[in-house]
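Chemist: Quick one: the structure is below, and I'll ask about it shortly.
Numbering (the working numbering), first residue to last: 1 to 261.
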């Protein structure tokens, strides 16, 4: 598949199965997503108060609404109309004031100075690896980050996601690029009890990329970003990542950094 075909199928899946579509949308639960992110840099939810935040790939809005409930001024981007619609409904239900601003757009098509301002925080958790160029998406995020602003990027790990990558290969061999067949095979062989949106994201999705700690650190260096924290923490890249694989955990990792002056 070429990149245009990949983008078309990725979008098609999220229009039909908007993700994550969480069943628990209590205020406490929504704020817990914001807290999980803040803990990457050893902060709590007070950190978000008053900060301008750009979320790249907001999905159905659970994190963006959680950030807004914690006082963040959120602009959230996604290219799925269905996801944006669900995010707006959630925001209208949970946010009496200070609602996130939602924009329907492909992350990779964000233009420089599109927002007429820079943001205190840029967040891209679980979105860039579904674009056709995760590094470019990261660079776009950095261009929209203010000096001394903080960026959070969450990606599938090159090493610790190996088990799941093998499952996806099996699904692809049997079902090809047919989204519904992929979902059916994934559910039949691997995950019979989880919700359909999650199955769709894990197996129906035809494109995802994989990245390492060292790779992301190189991205940071190129964009003048100083590393400040990660989830999980690590001491030795590759060795720790292989240990994550052996221990069947941390297939998804988050790294954060501050833009130098």
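C-beta: ideal position from N, C-alpha, C; glycine also.
1. Compute the Euclidean distance between the alpha carbons of residue 140 and residue 258, then round it to the nearest angstrom.
2. Give every residue of the same chain whose Cβ lies closer than 8 Å to the Cβ of residue 108, excluding the five residues on either side of it in the sequence, and list them in chain order.
3. Just to confirm the assignment, what range does the beta strand (DSSP E) spanning residue 78 have?
4. Residue 87 and residue 60 - do their beta-carbons sit closer together than 8 Å?
5. Going by beta-carbon coordinates alone, are residue 252 and residue 157 separated by less than 8 Å?
6. Please classify residue 63: is it buried, with 16 or more other beta-carbons within 10 angstroms of its beta-carbon, or exposed?
7. With distance defined between alpha-carbon atoms, name the residue in 91, 94, 103 and 68 nearest to residue 80.
8. Does the region 109–117 come close enough to the region 84–99 that 3 or more CB-CB pairs lie under 8 Å?
9. Identify which residue in 229, 74 and 246 has its Cα closest to the Cα of residue 122.
10. Within 10 Å of its beta-carbon, does residue 260 have 16 or more other beta-carbons around it, so buried, or fewer, so exposed?
Modeler: The short version:
1. Here the question's residue 140 lines up with position 140 in the chain shown. Here the question's residue 258 lines up with position 258 in the chain shown. Taking the straight line joining both Cα atoms gives about 15 Å.
2. As a first step, residue 108 is located in the chain shown; it is residue number 108 there, counting from the start. Around residue 108: 131, 132, 133, 136, 137 and 140.
3. By one-based count along the chain shown, residue 78 stands at place 78. Taken as a continuous stretch (DSSP letters only), the beta strand (DSSP E) holding residue 78 covers 73–78.
4. Indexing the chain shown from 1 puts residue 60 at position 60. Indexing the chain shown from 1 puts residue 87 at position 87. Yes; because the gap between Cβ atoms is below 8 Å, this pair is in contact.
5. Taking the first residue of the chain shown as 1, we reach residue 252 at position 252. Taking the first residue of the chain shown as 1, we reach residue 157 at position 157. Closer than 8 Å, so yes.
6. Looking up residue 63 in the chain shown gives position 63. Buried is the call here.
7. In the chain shown, the residue the question calls residue 80 occupies position 80. When each option's Cα is compared against that of residue 80, the closest is 103.
8. no
9. The residue given as residue 122 occupies position 122 in the chain shown. Looking at the Cα atoms, 74 is the closest of the given residues.
10. One-based indexing of the chain shown puts residue 260 at position 260. Classification of residue 260: exposed, given that the 10 Å Cβ count is below 16.
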